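Position one of the sequence shown corresponds to residue 1 (UniProt numbering), numbered consecutively onward. A virtual CB, placed ideally from N, CA and C, is assigned to each residue, including glycine. A quick note: this is a predicted structure, and the numbers were derived from the prediction, not measured.
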Amino acid sequence: MAAAAATNEYLASNNNTSYGSNEPASAEQENYQGFGDSSYNDYTVFAPLYKAIFNNDWERAKAYLKHNPNAVSARLTSTGDTALHIAAVSGRVHLVKELVQLMPSEALEITTHVGCTALLQTAVTGSMEIAKLMVEKNSNLLRIKNPFNLIPLVVSAINGNKVLLRYLYSVTPKEELDPRAGITGAAFLTSLVMADIYDIALDVLQRYPKLATSRDSDGNTIINMLSIKPSAFPSGNRHGFWQQLIYTSIPIELDHLFRDVERDEDTMRIRSEHDVQKFSQVRKHGLVWKALKVLVPGVRQIYDKKVIHVQALEIVKAICPQLSNLTDAQLIEVGAVSSITNTAAFGIIEYFKELINSSPYLMSSSNINGSGLIQVAVMHRQEKIYNFMSQMGQKNEMAACIDNFGNNILHFAGVLAPAFQLDKVSGAALQMQREIQWFQEVEQMAQPKYRELPNAAGKKPRDIFREEHKALVKEGEAWMKETSQACMVVSTLIATVMFAAVFTVPGGNNGDTGTPIFLKTRTFYVFMICDAISLFASCTSILMFFAILTARYGEKDFLKSLPQKLILGLASLFISIATMMGAFGATLIIVLNGTITWAYIPVTFLASVPVLLFGMLQFPLFVDIMRSTYGNGIFHKQNSKKKEKYGKHI
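Below, the structure is given as C-alpha cells:
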C-alpha cells in the first residue's frame, strides 16, 4: 500500500533505533489494510497510537507506526478521527509535521464521520503553522467543504481566527469566492464583517462586486450585517474628552489601509509569519504618533478602532452605489430595507446617509410593524437620525405615519428609552429630563390631533409616557435626594467651620481693643474674604439641597426646576470648598509669620488637592447637568441647505 510504503521509507531513513515495544504486530493489526477504512470498527487496536498522539509523545507514536505503517491514515476513534485530526485539534505542531511527512497527500483529505478534514478542524482552532504544513502538502484541502458547504477560509473567518484567516486568504483560489460558484463568497463576506476584518472584505468586494447583494446560507448579505454593527462606525462609539481628542488627531491615510491585500491572484502570497501578523496594520506615520502608540496606554486601542471605522466606511461607499438602480422589490430582496431600519434603530448615521443617498426611496421604508424610519429613530432615541430626517423636508408628512397597532409618533416618544440609551446619561434624574425633552420635541413635530389620539389599545401618548416612566421618576427622586443629602453634609461642615473661624481669627485679638492683631495685613484680608465667601456659599448650598429634599418631584420638575437647584447647589459647594482652602492657606501664612517660608509651596499644593478631587469627581456631573439644562440640546434646528439637497427626493 502507498501509505505503508511511505511510512516505512520515512521511518527507515529517520530511525535506526526502536522505540516502545519491539514485539511484532498482531495478526489483527497486520490484517488491517488501507487508509480511511470506515468499515473497520475495532478502534482498541490503535489505542497505543491514540494515547501517544494525545500525550504528545512522538517517539512512542513513531515506534508504533514502524510496526503498523497503515495506521498513519487509519481512523482511531468512533468519530472517524485519524492521528492527523487528533494532533491538529490538539495543536501539536511537531506531531502534525511528522505525520504529514509520513502520509501520502491524498490521505490528508480523509474526513471524519461528520465530514471534516484535519484542515477544516484547524480552521476552527486557529493554528496557522499547522494549516500551512497541510496546505503545502496538499493544496486541494483549501477547496474541500464541510457539511455546511463551507471551505476552511470561511470557517476560520466564522471563528475569528484572524492570523490563520489571512494566510488562508493568501493561498485559497479566489474563484472559490465568485458568487456564481455558490454561497461561499457571501458567507465569507458576512463572516469578515462580524470579525471586524474590513480590509479583506473590501478586497473581495472589489474582485466580485456582485457579492454585495449576495446572500449566505442564513439569508444575510453584507448590507444586513453592517447595519447591526454600530461599533464599526464612529457614531456607535462614545469617547471621553481626551479620547475624542486623540481619536480626531490620529492621522489615517487611506492609501496605506489596504496595502497588504494584493490584487493579483497569482502573486498574492504572504512571505513569512511576521507578514501574516502585520497583514492589516496601517502604516505608522509620524514619529510622535509612533511613540504615543507605544508609550501612552489606550492610544493603540483608539488608533485600531479608528482604522476599523475608516475601513468600514470605505466598504459602505463601495456597496451602496449598487443599490441606486434597484427596484423596490429588489431592495427588499438584497436586505436594503431591513438594513436602513436597523441603522435607524442603532443610530448608524454614516451608513444611514449613504443608503439614502444611493436610493432615496428607502426613506419611505418601514419595519414589520409598519413603523416608519423616524418612528424607529424616536423609539430608540437616536437623535442623529432624527435630526437628519428633520432636515430633509416634509418631516410632518413622515411623522404622520401610524403603525399596525395604531401608534403614532407620540406613542413611540412615550415609550421608555432602551437601556443602552439611558445608560449614556448620568443619573436617573437626568435620564428623566432627557425623556421629557424627547417627548416635548416630538410633540412639537406631531400634528395637534395626535396628542389626544389613542392607539388600538385605547391609550393616549401621555398615558403611555406616565406608565412607562413611573419607575424612572421614583429612581430619579431617590437619586436627587441621595446626592443632595451627601452634599448637604459637606456644606454643613464647611458652614460650621467657617462660622467659627470668624471668632477665632489667626494670631488672636488685641487684649485692650479686642481687634485682630493682624487686622491690617494683606494676608488677613485674604483670610476674611475667603472665610466670608465660603460661609455664604456653603449656606446657599445648604438651602439649595434642602429645597431639593422638599421638592414635590412631578414629571415636569425634572425638566428645569430640580436640575437648576442641583446646579446652584453644586456650584455653591465647589466655591465654598475652594475658598475654605484659600482661608486655610492664608491662616497658615499668618501663623508661620515668615519663619518657615519653604513650607508655603507644598502647603498650598496640598490645600488645592481637595478642590481638585472634588472637581474631578463632581465636575463631569455638573457639566452634564449644565449642558442638558441650558445647552443647545440634542436636537438641531433645520438646515435649509440640507433640506434643499435631500428634500427633492422625498
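Collapsing the DSSP output to three states places G240 in coil. Boundaries of the alpha helix (DSSP H) around T343: A336 to F346. For G372, the secondary structure class from DSSP, reduced to helix, strand or coil, is strand. The stretch 423-437 and the stretch 391-410 do not touch, with fewer than 3 CB-CB distances between them shorter than 8 Å. Taking a cut-off of 8 Å for Cβ pairs, the stretch 605-619 and the stretch 416-426 do not touch, as fewer than three such pairs fall below it. Sixteen is the threshold: since fewer than 16 other Cβ atoms of the shown chains lie within 10 Å of the Cβ of T248, the residue is exposed. In chain order, V124 place their CB closer than 6 Å to the CB of N159, counting only its own chain and leaving out the 5 sequence neighbours on each side. By alpha-carbon distance to F439, the top candidate from A547, I548, S90 and L416 is L416. Excluding residues up to 5 positions away in sequence, G585 lie with their Cβ nearer than 8 Å to the Cβ of T604 in the same chain.
Between V89 and A118, the alpha-carbon positions lie close to 8 Å from each other. Going by beta carbons, V611 and I577 fall inside the 7 Å limit.
By the CB criterion at 7 Å, S358 and S324 fall inside the cutoff. Under DSSP, S364 forms no beta bridge with any residue. If you draw a straight line from the Cα of S491 to the Cα of C539, it is about 7 Å long. Within its own chain, the residues whose Cβ lies closer than 8 Å to the Cβ of G236, once the five positions on either side in sequence are excluded, are K229, P230, F346, G347 and I348, listed in chain order.
By a beta-carbon distance limit of 8 Å, I151 does not contact V96. Their separation comes to about 20 Å. Distance from the CA of L202 to the CA of Q244, rounded to the nearest whole angstrom, comes to 27 Å. For E452, the secondary structure class from DSSP, reduced to helix, strand or coil, is coil. Look at the beta carbons and you see the stretch 321-339 not touching the stretch 369-388: under three pairs across the two are nearer than 8 Å.
Annotated three-state conformation of F635 is coil, per DSSP. Considered as a whole, the stretch 80-130 harbours no complete run of any beta strand (DSSP E) with no fewer than 3 residues. Across the structure, D57 and K137 are spaced so that their CA atoms are roughly 23 Å apart. Close CB contacts of C530 within its chain, under the 6 Å cut and outside five residues either way in sequence, are with T579, G582 and A583 (chain order). A straight line joining the alpha-carbon of P454 with that of E333 spans about 35 Å. The Cβ neighbour count for Y169, taken over all protein chains shown within 10 Å, is at least 16; the residue is labelled buried. A direct Cα-to-Cα measurement between K449 and I409 gives close to 12 Å. One thing to note: L142 has its Cβ no nearer than 7 Å to the Cβ of S156.
At a cut-off of 4 residues, the continuous stretches assigned as alpha helix (DSSP H) that sit fully inside the stretch 454-509 are 461-468 and 470-503. Two segments are said to touch when three or more pairs of C-beta atoms, one from each, lie closer than 8 Å; by this definition the stretch 312-331 touches the stretch 192-212. Looking at the backbone, the Cα of L331 and that of S227 are separated by about 14 Å. Taking 7 Å as the cut-off, the beta carbon of T190 is found closer than this to the beta carbon of N220.
For L613, same chain residues with a beta-carbon under 8 Å away, outside a window of 5 residues either side, do not exist.
In the structure shown, K62 adopts helical secondary structure according to DSSP, grouped into three states. A straight-line Cα-Cα distance of about 9 Å links G91 and G126. For E314, the enclosing alpha helix (DSSP H) stretches over residues V299 to I319. CA-CA distance, G476 to I533, rounds to 31 Å.
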